[in-house]
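Residue numbers (our numbering): 54 to 337.
Don't be surprised by glycine CBs; every beta carbon is placed ideally from N, CA and C.
None of these values were measured; they are calculated from a predicted model.
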């Protein structure tokens, strides 16, 4: 787990920390930049996301009296990871036009959300002089920015929300624009929407279905069970073994049905899930 920057006692920070969850050890990382232009400035309300090859990438944020930024820094943690924490030196590079970054960089912002799929960094919303609701994608390997056009209705402009990429969908939840949100938005990407330049960047095949199938009516994997009333079912006592995550899935399925704007997207996604034979027994 990585912690970068933030604020304490009205002072913006630029320090960098790593927590080894297996050993319960904190490491203070020393980021090194070749020039002052490459340095990671003290800031808060930015995002930091993991990409491949033991790299993390930060975007945006603000400092002082909400001076908003759109800088991109990439940190190379390869030496730190391979040394098992013995080498705490981390190389920091600022990605901008000097290093051949292509496309239109998103506007300055803080309080945005970021999520990653196959080294594609998605930036959603945030605030500069006002709350915004645009979506941008940065191809880390190609060093190219692309604004992602999504259909209406758009989520309301917001900041301090969360987002996660699952299969071909970004799930966006909550946020704030002067009032707090608890809404859920599913931004679905077809395969054509994930094409960057001429190279298809399809997400990896999900193991979600197979993993959930193992949880169906299995005493070994159950962490909850349901006792059926014989009076109601008209037979002897019955025990149904289940898993809390599977129950959560059913609740999420109901949320998808309620919030998914495109009925075709909902139908195709749910048919994929429910076509699994093991699922049919739990999802009539």
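key: Under the three-state DSSP convention, the category residue 91 falls into   = Here residue 91 sits in helix by DSSP.
ask   = Is it a yes or a no for the segment 199-211 touching the segment 269-288, going by three-plus beta-carbon pairs under 8 angstroms?
value = Flag = no, the segment 199-211 and the segment 269-288 do not touch.
message = Going by DSSP in three states, residue 252 sits in which element: helix, strand or coil?
response = Unreliable placement is indicated for residue 252, whose pLDDT of 32 sits below 50; the coordinate value is still reported in the next sentence. The DSSP-derived three-state label of residue 252 is strand.
message = Strictly by DSSP, which residues pair up with residue 167?
response = In the DSSP secondary-structure assignment, residue 167 is bridged to 176.
query = Among the residues of its own chain, which have a CB less than 7 angstroms from the CB of residue 156, if the five just before and after it don't count?
reply = So the list reads 197, 198 and 199, once near-sequence residues are dropped.
task = Excluding the 5 residues preceding and the 5 following residue 142 in the sequence, name in chain order all residues of the same chain whose CB lies nearer than 7 angstroms to its CB.
result = Once the five neighbours on either side are set aside, the close Cβ partners of residue 142 are 83, 85 and 132.
request  = For residue 163, count neighbouring C-beta atoms within 10 Å of its own C-beta (all shown protein chains included) and say buried if the count is 16 or more, exposed if not.
outcome  = Burial of residue 163 is indicated by the presence of at least 16 other C-beta atoms within 10 angstroms of its C-beta.
inquiry  = What does the alpha-carbon distance come out to for the pair residue 251 and residue 173?
reply    = With a pLDDT of only 26 at residue 251, under the threshold of 50, the placement of this residue in the model should not be trusted, and no figure is reported.
Collapsed DSSP secondary structure at residue 334 in the structure displayed = Here the model assigns residue 334 a pLDDT of 46, short of 50, so the residue's position is not dependable, and the following value carries that caveat. Per DSSP, reduced to three states, the secondary structure at residue 334 is coil, with no helix or strand assignment.
Residue 134 - containing alpha helix (DSSP H), residue span = According to the DSSP assignment, residue 134 belongs to the alpha helix (DSSP H) that extends over 131-135.
Span of the beta strand (DSSP E) around residue 145 = Residues 142-147.
Beta-carbon spacing of residue 295, residue 267 below 8 angstroms = In this structure, residue 295 sits away from residue 267, with a CB-CB distance that is not shorter than 8 angstroms.
key: Nearest-angstrom Cα separation, counted from residue 221 out to residue 180   = Each residue's alpha carbon lies about 26 angstroms from the other.
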